[in-house]
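Asker: The structure under discussion is supplied below as structure tokens; questions concerning it will follow.
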Amino acid sequence: MKAVETPALPAVRFDANGNRHVDYRAILALAGPLFLNTALQAVLNLTDTWFIGRLSVDALAAMGAIYYLMLVFILLLGGVGLGVQTLSAQYYGAGRYAEAARSVWSGVYAVLLMTPLFVVVALNGDAILAPFKLAPAIEKLSLQYWFPRLLGGVFGIAFWAISGFFNGIGRTKVTLAVSVGIVVMNAVLNEILMFRLHMGMAGSAWATTFSLIGGATATAWLFLRPTMQEKFQSRLGWRFDPKEVGRLFLLGLPMGLAASVDLLGFALFQLMQVRLGPVDGAATQIVMMLTSTSYYPALGLSLAATTLVGQSIGAGDKDWAMRVGNATIMLTACYTGMVGAVLAMTAPWLASLFVTVGDPNTAAVVKLGTTLLWIASAYQVFDGLSMASSFSLRGAGDVKMPALALLILSWFGFVPLAHMLSFAPGQGWVDFLPKLGLGAAGGWTAALIYIVSLSLLLFWRWRSGAWRQMSVI
Numbered sequence: 019m020k021a022v023e024t025p026a027l028p029a030v031r032f033d034a035n036g037n038r039h040v041d042y043r044a045i046l047a048l049a050g051p052l053f054l055n056t057a058l059q060a061v062l063n064l065t066d067t068w069f070i071g072r073l074s075v076d077a078l079a080a081m082g083a084i085y086y087l088m089l090v091f092i093l094l095l096g097g098v099g100l101g102v103q104t105l106s107a108q109y110y111g112a113g114r115y116a117e118a119a120r121s122v123w124s125g126v127y128a129v130l131l132m133t134p135l136f137v138v139v140a141l142n143g144d145a146i147l148a149p150f151k152l153a154p155a156i157e158k159l160s161l162q163y164w165f166p167r168l169l170g171g172v173f174g175i176a177f178w179a180i181s182g183f184f185n186g187i188g189r190t191k192v193t194l195a196v197s198v199g200i201v202v203m204n205a206v207l208n209e210i211l212m213f214r215l216h217m218g219m220a221g222s223a224w225a226t227t228f229s230l231i232g233g234a235t236a237t238a239w240l241f242l243r244p245t246m247q248e249k250f251q252s253r254l255g256w257r258f259d260p261k262e263v264g265r266l267f268l269l270g271l272p273m274g275l276a277a278s279v280d281l282l283g284f285a286l287f288q289l290m291q292v293r294l295g296p297v298d299g300a301a302t303q304i305v306m307m308l309t310s311t312s313y314y315p316a317l318g319l320s321l322a323a324t325t326l327v328g329q330s331i332g333a334g335d336k337d338w339a340m341r342v343g344n345a346t347i348m349l350t351a352c353y354t355g356m357v358g359a360v361l362a363m364t365a366p367w368l369a370s371l372f373v374t375v376g377d378p379n380t381a382a383v384v385k386l387g388t389t390l391l392w393i394a395s396a397y398q399v400f401d402g403l404s405m406a407s408s409f410s411l412r413g414a415g416d417v418k419m420p421a422l423a424l425l426i427l428s429w430f431g432f433v434p435l436a437h438m439l440s441f442a443p444g445q446g447w448v449d450f451l452p453k454l455g456l457g458a459a460g461g462w463t464a465a466l467i468y469i470v471s472l473s474l475l476l477f478w479r480w481r482s483g484a485w486r487q488m489s490v491i
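End of the sequence shown sits at 491 in our numbering; the numbers just go up one at a time, nothing left out.
Right under this line is the structure:
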């Protein structure tokens, strides 16, 4: 049996007196590819929105109605894939390289176990959307997108699991290279399937699914290369290990639950805006996609926090885990704050990029979209604080309390508040809540209140150090 090798702590530099300091250049070297990688996800979303916007305002509203709802199911069913990064980072920090690679195989088995549930959800889109009583034309377009995109969720989670390993061991450039290929393939396939083969909304969903199949295949090939076998024994950990798969479920399910609870709140929020009318729904979808230019790159920085914290804990230094976590949280919040300012200053021009000139609702969508962008810009710095705190906790294995906090604040705070502020008397889904009738602007104000509250709670949890008493590996 090989001796365990313990690498140096991540992102550390020593001054002339031997004192430790956070090496921000090392953090940026790790986070840079992750930043670009998740920024590419924003590009992918904007690409899909741009292509769908070429169809009609109704098509944009239809995408807005189901965008977050689809992600809810993908994350809830596939959250097990998210735990791979935490396990691989801690195993790597402890010098247990073969076990870091084995976490990938556990992730693949976990995804396979969840595949039948993905198929069931994909086949029952009409039943899932029925309670929301969408306009018939919008519901029809939504269902065209639903089935192929949910099937693609299996391959998306497989890609997350394998790329999580590369992120966990600090080889983030691998994930970036594959993600570039996914984005390019998606753009090309959108044009071919949607307009050359006249598949419309379904064509856009199939384009994403085929791109994710390519991405999962590419990362699997890279994982199994001889260079990975030499250090990590990546081909030898394929045997099904119920204990390791169970550990991944215990870690990954709360992660997926936390993310899906949050996204379900936003899915219901978007459905409320679509229920208000096509203009509100389309404007909301545009703003969601524009703010993703803040969210997704910040997600990359937050993923770096998971790796840095996980490797530090694996190496046995929780004090250093706190320091690198704090540093990454600060960088993330600064980035999202700057993007929020840019979005606010360029709001009218940005909103006009995603509508069809000849559509009669274009002017109304641009006007409302500008107002919503100003509201959304106000919470960007808090969104960064929330994400980086959450992912630092994830690196430490502290996943249950954040999931509970998200459940309470989202379902019992954000969702009812959005309903009250968005709908006027006689509108909405329930009658027992008061209704102020502020429209989409009211709904987005509820989002602002929710994200500020959540960010402060998660940052407090991280700073409390409760995670120091937890053990994952």
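From the three backbone atoms N, C-alpha and C, an ideal C-beta is built for every residue, glycine too.
1) Please determine whether the Cβ atom of Gly125 lies at a distance below 7 Å from any heavy atom of the ligand NAP.
2) Thinking C-beta only, is Phe173 closer than 8 Å to Val139?
3) Of all the options Lys336, Ala119, Arg293, Pro149, which has the alpha carbon lying nearest to the alpha carbon of Gly415?
4) Exposed or buried, which one is Val279 when buried takes at least 16 other CB atoms within 10 Å?
5) Please state whether the Cβ-Cβ distance between Ala83 and Ile156 is less than 8 Å.
6) Buried or exposed, going by whether 16 or more other CB atoms sit within 10 Å of the CB of Pro430?
7) In the DSSP assignment, find the unbroken alpha helix (DSSP H) run with Phe267 in it and report its ends.
8) With C-beta atoms as the reference, is Ser252 less than 8 Å away from Leu242?
9) Tell me the DSSP bridge mates of Leu39?
10) In chain order, which continuous runs of the alpha helix (DSSP H) of length 4 or greater are located wholly inside the region 150 to 185?
11) Using only CA atoms, which one of Leu456, Phe287, Thr309 lies nearest to Gly299?
12) Do Thr350 and Gly402 have their C-beta atoms closer together than 8 Å?
13) Could you give the first and the last residue of the continuous alpha helix (DSSP H) run that contains Gln247?
14) Got a sec? Which residues, its chain only, sit under 7 Å from Arg341 by beta carbon, not counting five neighbours each side?
15) Is it buried or exposed, Phe409, if we count other Cβ atoms within 10 angstroms and call 16 or more buried?
16) Is it buried or exposed for Val192, if we count other Cβ within 10 angstroms and need 16 for buried?
17) Buried or exposed, going by whether 16 or more other CB atoms sit within 10 Å of the CB of Leu472?
18) How do the region 158 to 178 and the region 131 to 150 stand: do at least 3 beta-carbon pairs fall below 8 Å, yes or no?
19) Given a cut-off of 8 Å, decide if Ala107 and Gly318 are closer than it, judged by their beta-carbon atoms.
20) Taking C-beta to C-beta, are Ala176 and Ala118 nearer than 8 Å?
21) In whole angstroms, give me the CA-to-CA distance for Leu275 and Ser428.
22) Return yes when the Cβ of Leu240 is within less than 8 Å of the Cβ of Leu308, no when it is not.
Answerer: This is what the structure gives:
1) For the ligand NAP, the structure offers nothing, since it holds no ligand at all.
2) With a cutoff of 8 Å on beta-carbon distance, Val139 and Phe173 are scored as not near each other.
3) Comparing alpha-carbon positions, the option among Lys336, Ala119, Arg293, Pro149 lying closest to Gly415 turns out to be Lys336.
4) Counting the other CB atoms within 10 Å of its CB gives Val279 a total of 16 or more, which places it among the buried residues.
5) In this structure, Ile156 lies closer than 8 Å to Ala83 by Cβ.
6) Here residue 430 turns out to be Phe, not Pro, going by the sequence shown. Exposed: under 16 other Cβ atoms inside 10 Å.
7) Counting along the chain, the alpha helix (DSSP H) containing Phe267 begins and ends at 260 to 294.
8) In this structure, Leu242 lies closer than 8 Å to Ser252 by Cβ.
9) This sequence places His at residue 39; Leu is not what is there. Checking the DSSP bridge columns, you'll see His39 partnered with Arg31.
10) Note on the region 150 to 185: there is no whole alpha helix (DSSP H) run with a minimum of 4 residues.
11) Minimum Cα distance to Gly299 is reached at Phe287.
12) With contacts defined as CB atoms closer than 8 Å, Thr350 and Gly402 qualify as a contacting pair.
13) 244 to 250 is the extent of the alpha helix (DSSP H) around Gln247.
14) Contacts found: Val40.
15) With 16 or more Cβ atoms within 10 Å of its Cβ, Phe409 is classed as buried.
16) By the Cβ neighbour-count rule, Val192 is buried, with 16 or more other Cβ atoms within 10 Å of its own.
17) So Leu472 counts as buried.
18) In this structure the region 158 to 178 lies against the region 131 to 150, because at least three pairs of beta carbons, one per stretch, are closer than 8 Å.
19) The answer is no: Cβ separation not under 8 Å.
20) No.
21) C-alpha separation (whole angstroms): 12 Å.
22) The Cβ atoms of Leu308 and Leu240 lie no closer than 8 Å to each other.
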